[in-house]
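Asks:
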Amino acid sequence: MEEIRMRTFIALDLPSDFAVNIAQVESQISASMQAKYVAERSLHLTLAFMGELETASQLSAAQKAIEIAAQNFAPVSLHPDGLGIFGPASDATLFMSVSPTPALMNLAKSVRSELATKGLPFEKTPFKPHVTLARHAHAERFDAKGWAMPDTAHATTVSIYKSELTQQGAVYTPIHSVTL
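Right, here's the structure in full:
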């Protein structure tokens, strides 16, 4: 059994124009809030965080899981639903909420169900659709209201990402993708 030791997650890839618009929101917010903002190329909507895969067979099983999970889905609409924070305001994670449409919720459920069926690890926390905009935010005075949100977009790809933690922040590399 070949060892690979790879930190992974499964996510919806954001359409490029949608990611550009989110990056513009980040830029506006950055003028009033210090934080470590997520680069435009790294924006995504996580469906399942898997953590560390240890073997090539786990990775292969994850690839099969997303292929099965996504096979009956059309592109998924992403409706921005405002901004929010997770965690304490002094060290918050800033996110853009995405409306929990039936299609999006069913896709996440399908992905998680296939991972469970294949005995693969993933965080079992309830799915809350969002796009992380910044980490380590100083959000004590942040007002989540009044920010212009991007228009609705349609996500067409689910990917398994390798996540490498570096001094400059996390680097996400897609390693297997499936078209909806």
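Residues 36 to 215 in my numbering are what the sequence shown lists, from first letter to last. Virtual Cβ for every residue (Gly too), placed ideally from N, Cα, C.
Does the pairing of the region 141-157 with the region 70-88 give three or more beta-carbon distances under 8 angstroms?
Replies: yes
Asks: Measuring alpha carbon to alpha carbon, tell me which residue in S51, I64, R40 is nearest T179.
Replies: For the sequence presented, residue 179 should be read as Ala rather than Thr. That would be I64, whose Cα lies nearest to the Cα of A179.
Asks: Just reading off the alpha helix (DSSP H) that D52 is part of, what are its end residues?
Replies: Looking at the DSSP string, the run of the alpha helix (DSSP H) that includes D52 is 51-65.
Asks: I'd like to know whether the C-beta atoms of P115 and P185 end up nearer to each other than 8 angstroms.
Replies: yes
Asks: If I follow the unbroken beta strand (DSSP E) through L200, where does it start and stop?
Replies: 192-201 is the span of the beta strand (DSSP E), which, as asked, contains L200.
Asks: Should V193 and L78 be called a contact, given that it needs their Cβ atoms to be closer than 8 angstroms?
Replies: no
Asks: Who are R42's beta bridge partners in DSSP?
Replies: E87
Asks: Among N56, D52, F44, M41, which residue has its Cα nearest to the Cα of W223?
Replies: What the structure shows of the chain is the stretch from 36 to 215, and residue 223 is not part of that stretch, so it cannot be assessed.
Asks: According to DSSP, is M140 part of a helix, a strand, or is it coil?
Replies: helix
Asks: Quick one, which of V73, E61, T160, E37 has its alpha-carbon nearest T90's?
Replies: Of the candidates V73, E61, T160, E37, the one whose C-alpha sits nearest the C-alpha of T90 is E37.
Asks: Could you tell me whether the Cβ atoms of L113 and T187 are closer together than 8 angstroms?
Replies: Yes, the pair counts as a contact, with Cβ atoms nearer than the cut-off.
Asks: Under 6 angstroms Cβ to Cβ from H189, same chain only, skipping five residues before and after it: list those, please.
Replies: P110, S112
Asks: Along the beta strand (DSSP E) that carries A127, what are the first and last residues, could you check?
Replies: 127-133 is the extent of the beta strand (DSSP E) around A127.
Asks: DSSP puts H114 in a beta bridge; with which residues?
Replies: BP columns for H114 are empty, so no partner.
Asks: Quick check: what's the CA-CA separation for A172 versus S148?
Replies: 33 angstroms
Asks: To the nearest whole angstrom, what separates the beta carbons of R170 and T128, a pair I think is in contact under 8 angstroms?
Replies: 5 angstroms
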